[in-house]
Amino acid sequence: MNSLNSIILEGNVVQEPVLRETAKGTQVCTFSVMCMRTYKQDDSYEKEISFFDIDAWGKLAELSIKNGVKGRGVRVVGRLKQSRWVDSEEKNRSKITIVAEHIEFKPLFKKVQSEKSEEKAAELEKVPAF
Numbered sequence: 054m055n056s057l058n059s060i061i062l063e064g065n066v067v068q069e070p071v072l073r074e075t076a077k078g079t080q081v082c083t084f085s086v087m088c089m090r091t092y093k094q095d096d097s098y099e100k101e102i103s104f105f106d107i108d109a110w111g112k113l114a115e116l117s118i119k120n121g122v123k124g125r126g127v128r129v130v131g132r133l134k135q136s137r138w139v140d141s142e143e144k145n146r147s148k149i150t151i152v153a154e155h156i157e158f159k160p161l162f163k164k165v166q167s168e169k170s171e172e173k174a175a176e177l178e179k180v181p182a183f
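Following the working numbering, the numbering of the sequence shown begins with 54 at its first residue and continues without gaps.
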């Protein structure tokens, strides 16, 4: 029996997505999402900011590379994956990423800055939502 491993994040894309291909030809898109939590402490409001790495595979990779404009709002539903390895100095290392199972991109409201982002924004109408 599998254990429960599920996560939902809402935030903003903080870097242009990177598309790569595995040796078997499967597409993988990697991007980072920033999530912010505001809370009250004493008489002031504090911000807690976290960054999460997202891996999208297959059709979700195609969707992410076309719609993942830096600064755009996104909701990711997925699972946590931990990678472990031993570095060159014989120290144990690990990294936790989120493997996307569902992605929703929020509408763009402000003018996109970069030329690459403008191209992506023009293609948004062509891509079906999953």
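Built from N, CA and C at the ideal position, the CB exists for glycine as well. Predicted, not measured: the structure shown is a model, and the values here were computed from it.
Checklist entry - Just the Cα atoms here: how many angstroms apart are Asp65 and Ser97? => result Start at 1 with the first residue of the sequence shown, and residue 65 comes out as number 12. Start at 1 with the first residue of the sequence shown, and residue 97 comes out as number 44. Residue 65 is actually Asn in this sequence, not Asp. The alpha-carbon atoms of Asn65 and Ser97 are separated by roughly 24 Å.
Checklist entry - Sorted by chain position, which residues of the same chain lie with C-beta nearer than 8 Å to Gln68's C-beta, five sequence neighbours on each side aside? => result In the sequence shown, the residue the question calls residue 68 occupies position 15. In the same chain as Gln68, and ignoring 5 residues on each side of it, the C-beta atoms closer than 8 Å to its own belong to Phe84, Ser85, Lys123, in chain order.
Next on the checklist: Between which residues of its own chain and Arg73 is the CB-CB distance below 7 Å, once the five residues before and five after are set aside?
Outcome noted: Here the question's residue 73 lines up with position 20 in the sequence shown. Closer than 7 Å at the Cβ level, and outside the excluded window around Arg73, lie Val81.
Next on the checklist: Using a 10 Å radius around the Cβ and a threshold of 16 neighbouring Cβ atoms, would you call Leu57 buried or exposed?
Outcome noted: Along the sequence shown, one-based indexing puts residue 57 at 4. Looking at its Cβ environment, which holds fewer than 16 other Cβ atoms inside 10 Å, Leu57 is exposed.
Item to check | Ala109 - containing beta strand (DSSP E), residue span | outcome: Looking up residue 109 in the sequence shown gives position 56. 97-110 is the extent of the beta strand (DSSP E) around Ala109.
Item to check | Reference Ser147, options Ala76, Glu154, Gly131, Trp138, closest by Cα | outcome: Walking along the sequence shown from the start, residue 147 turns up at place 94. Nearest C-alpha to Ser147: Trp138.
Checklist entry - Between the C-alpha atoms of Gln166 and Ala153, what's the straight-line distance to the nearest angstrom? => result For the purposes of this step, residue 166 is taken as residue 113 along the sequence shown, with counting starting at 1. For the purposes of this step, residue 153 is taken as residue 100 along the sequence shown, with counting starting at 1. Here Gln166 scores only 48 on pLDDT, less than 50, and its place in the model is too uncertain to base an answer on.
Checklist entry - Looking only at its own chain, which residues have a Cβ that is under 8 Å from the Cβ of Asp140, when we skip the five neighbours before and after it? => result For the purposes of this step, residue 140 is taken as residue 87 along the sequence shown, with counting starting at 1. Excluding residues within five positions, the ones whose Cβ falls inside 8 Å are Arg146.
Checklist entry - Which residues mark the beginning and the end of the beta strand (DSSP E) in which Val139 is found? => result Here the question's residue 139 lines up with position 86 in the sequence shown. Segment 126-139, the beta strand (DSSP E) holding Val139.
Checklist entry - Does DSSP put Asn58 in a helix, a strand or coil? => result Looking up residue 58 in the sequence shown gives position 5. Reduced to three states, the DSSP call for Asn58 is coil.
Next on the checklist: On the CB-based measure, 16 or more other CB atoms within 10 Å of its CB, does Ile118 come out buried or exposed?
Outcome noted: Locating residue 118 in the sequence shown gives position 65, where the first residue counts as 1. Sixteen is the threshold: when 16 or more other Cβ atoms of the shown chains lie within 10 Å of the Cβ of Ile118, as they do, the residue is buried.
Checklist entry - Is the CB of Lys100 under 8 Å away from at least one CB in chain B? => result Absent from the structure is chain B; it holds one protein chain and no more.
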